[in-house]
Amino acid sequence: MEAKGEPVAAALIRVKPVADLDEIAARVCAHEDVIFDRFHIARVGVFGSFVHGRQSPHSDVDLLVEFTEAPGNFSYFEPLEYLQTLLGRNVDVVQPGALRGDLRDSVLNDAVYVFSALGRIVRR
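Laid out in structure tokens, this is it:
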């Protein structure tokens, strides 16, 4: 059974939930090869409560994710589940192209990037 605010996979393996923005950055960067090579994620930004230090034990992590190839080429849910397990919390993922109007401006201005593969050599 899923505990409130805890993804199912994390509940099964009991990953300690991230506590703050620094811990999110550390975990994401520690898994950069998987995030980039397997899921084709070029950048990960955090926005919302974790950026402002207003997170609670039940807060999800709001991520702004940019892919190097369209998620349609692979399962969209696989990277989502991976990030939820990695962070030990539910994760909301949004792509910059899906944002419109004032919400787009707000999220883009709020985002703190914790991972960027831009300029990285792609392994073939």
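In numbering that gives the first Met the number 0, the protein residues as written are 0 to 123. Heads up, the beta-carbon is just placed ideally off N, CA and C, and yes, glycines get one too.
Is the stretch 26-33 touching the stretch 94-102, taking contact as three or more C-beta pairs under 8 Å?
Contact between the stretch 26-33 and the stretch 94-102 is absent, because fewer than three Cβ pairs lie under 8 Å.
What is the DSSP secondary structure of Val27, reduced to helix, strand or coil?
Here Val27 sits in helix by DSSP.
Excluding the five sequence neighbours on either side, which residues of its own chain have a C-beta within less than 7 Å of the C-beta of Thr67, listed in chain order?
Excluding sequence neighbours, Thr67 sits near His39, Ala41.
Which residue's Cα is closest to the Cα of Val50: Glu31, Val17, Leu79?
Nearest option by C-alpha distance: Val17.
Secondary structure at Glu68, three-state DSSP: helix, strand or coil?
Residue state, collapsed to three classes: coil.
DSSP state of Leu85, grouped into three classes?
Helix.
Would you list the one or two residues that DSSP bridges to Gly44?
The partner list for Gly44 (beta bridge, DSSP) reads Leu63, Tyr112.
What is the residue span of the beta strand (DSSP E) that Asp91 lies within?
90-93 is the extent of the beta strand (DSSP E) around Asp91.
Tell me the rounded alpha-carbon separation between Val90 and Ser105.
Cα to Cα, Val90 sits roughly 19 Å from Ser105.
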